[in-house]
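**Q**
In the numbering used here, the protein residues as written are 13 to 213.
#1: Measure the beta-carbon distance from residue 174 to residue 140 and round it to whole angstroms, keeping in mind my assumption that it falls under 8 Å.
#2: Buried or exposed for residue 177, going by 16 or more other Cβ atoms inside 10 Å?
#3: What residues match up with residue 154 in a beta bridge as DSSP calls it?
#4: So what does residue 195 bridge to, in DSSP terms?
#5: Buried or exposed: residue 116, going by 16 or more other Cβ atoms within 10 Å of its Cβ?
#6: Using DSSP's beta-bridge definition, name the partner residues of residue 79.
#7: Relative to the alpha-carbon of residue 185, which residue among 162, 154, 124 and 137 has its alpha-carbon at the smallest distance?
#8: Can you check which of these residues, 149, 162 and 187, is closest to residue 67 by C-alpha distance?
#9: Grab me the residues of residue 89's own chain with a C-beta within less than 8 Å of its C-beta, minus the 5 sequence neighbours each way, in chain order.
#10: Within a Cβ cutoff of 8 Å, which residues of the same chain sit near residue 150, ignoring the five residues on either side of it in sequence?
#11: Tell me whether the beta-carbon of residue 201 lies closer than 8 Å to the beta-carbon of residue 109.
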């Protein structure tokens, strides 16, 4: 009699265990089966880069860059940023940097083309420092979205940018986000060449 009861109890436990396993398998299958469009949206939110205009929106939140973002808007470049996706790096002069130059040089028609402050792709502080240190002369050379050169070097532990005319600007702070790129606040206004000046050596 005791043997029969034990057997019944054991069979009951086995039945309950198998029932729980079957339920878990069904729930797991239901979680895995998502509509293709829903999976696509999920991927877009987590992995795809944001619209390029999102980078400008984040920069506008930084009060230290109000002069640069206003100039960017006046220049008409902001319209080119609308809609399309992409990762950019922007080296943006601070308000204090603009305060040190004549007002006429802030005019988009008479000042530096703002594409000179932009680089396609992501250039973080660590990336710049690594490239500087691996270069032969301690100066990393790269081209901006304008097609003209900038140089990056290290001075006193800071990353310093040098334009085609020899002007220097140190990177003060940086903001990085995998979905919209990176922007660096710099402490001086850089100038692009007009094709007649020699590039700095």
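Here a beta-carbon is modelled for each residue, glycine too, at the ideal position from N, C-alpha and C.
**A** According to the structure shown:
#1: Their Cβ separation, rounded to whole angstroms, is 13 Å, which puts residue 174 and residue 140 out of contact at 8 Å.
#2: exposed
#3: 162
#4: 102 and 187
#5: At residue 116, the pLDDT of 47 sits below 50, so the modelled position is not reliable; the number obtained from the coordinates is stated separately. Looking at its Cβ environment, which holds fewer than 16 other Cβ atoms inside 10 Å, residue 116 is exposed.
#6: Answer by DSSP bridge pairing: none, since residue 79 is not bridged.
#7: 137
#8: 187
#9: 126 and 127
#10: 144, 165 and 166
#11: yes
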